[in-house]
Every structure is written in structure tokens, then in C-alpha cells.
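See below for the structure under consideration.
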Amino acid sequence: MFTTHRHAEIPLAPVFGEPYQLWRFVELEQHRPWFCVTLNIGKGRANWRTMYLVASEAELEQMLESVAAHAKVEDVQVIIPARLNGTGAWQMEPLAELVRISDTDEKVLGYDLKTASGVIYSDRDHTSSSDVGRAQIYRSRVD
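Residues in the sequence shown are numbered consecutively from 1, following UniProt numbering.
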């Protein structure tokens, strides 16, 4: 989850009847993968792009379900922490596939992420592969 700080808030009156807040920056304390999702939102002949910053795999799954009816996902970038990618620094790469891993009781154990370069990152509780279920949550159209 992202943390916001009041001193980073940009004061803005509600526009178009929808209250929201703007921030100059947000904080991410967890060293876990997070995502930048590019959406194409269209209404009639008007289309525009916006980006969502999503703090976890589970939140990405929920966000993809909620926007499916009114927006097209154009791109998902995954930002991988150093502890997973082994480079000593965060890295951003296009996400090719996200798979939810569950046990036999459908308890979510974690997620496997495949990047466009073909690297698979797994950030989950380890269990025998025969004891898990896999559900594809996202697959890029260009992988």
C-alpha cells in the first residue's frame, strides 16, 4: 500500500462533482512488486489515457476486475524490488503474465509474475507444485 503525507498533498477543489486528492509523491514501504497500469478510457469519440499505480498483486487483480467494464488495459509495467531481481536495485519491466497461486483450500499463497524478457518471479509461500492451483489474472497481448 502507498502511504501519503499531508505535506505532499496538492490542495484542489472538487472538480466535476467528484472529490479526489492530488499528491506530489507517495511512499511505498514494502519491498514487494508493484505496478504501473496504463488504461485507455473511452466515452464515445473521446478517449484518454491514465495510469494507475498499484501497490500489490492482489490489488492489481481487484483493479483489473473493476475497470474491465469501462476501460481497456493497454500496458502493465511491474516494478521488481532488488531482493527479487538480484541486481541491488529496483527494476521496471513490462509484465507478460500474472498468475495467482492457491492451495487446495483456495487460500492465496502468492503470485508468479512473468516479465516480457521471460523471467519469472515468484513471491509466495513455498509448497509442492502438485498441491497448488493456478489462475491466470493477466496476460499481455504482446508477449
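The beta carbon of each residue, even a glycine, is placed where N, CA and C say it ideally should be. No experiment lies behind these values; they were computed from the predicted model shown.
| Item | Value |
| --- | --- |
| 7 Å Cβ shell around W23 - same chain, five flanking residues per side excluded | T4, A8, E9 and I10 |
| Residue-level contact to chain C via CB, E93, 8 Å cutoff | The displayed structure is made up of one protein chain only, and chain C is not part of it. |
| Expected contact under 8 Å - CB spacing of F35 and V54 to nearest Å | 4 Å |
| Buried/exposed call for A68, threshold 16 Cβ in 10 Å | exposed |
| Strand pairing of T3, partner residues [DSSP] | E27 |
| Contact belief for Y121 with P19 at Cβ below 8 Å, rounded distance in angstroms | About 37 Å; that fails the 8 Å criterion. |
| Same chain, Cβ closer than 6 Å to K72, neighbours up to 5 away in sequence not counted | N40 |
| Buried or exposed by the 16-neighbour rule on C-beta atoms within 10 Å, applied to R45 | exposed |
| Between the CA atoms of Q136 and V119 - distance to the nearest angstrom | 16 Å |
| Identity of the residues DSSP links to P73 by a beta bridge | Going by the sequence as given, residue 73 is Val instead of Pro. Answer is L39, bridged to V73. |
| C-beta contact flag for R139 and E93 at 8 Å | no |
| Inter-residue spacing [alpha-carbon to alpha-carbon] between V76 and W48 | 16 Å |
| Beta-carbon proximity list for G88, same chain, < 7 Å, skipping 5 on both sides | A82 |
| Reference T50; option with closest CA among E61, H70, L12 and Q62 | H70 |
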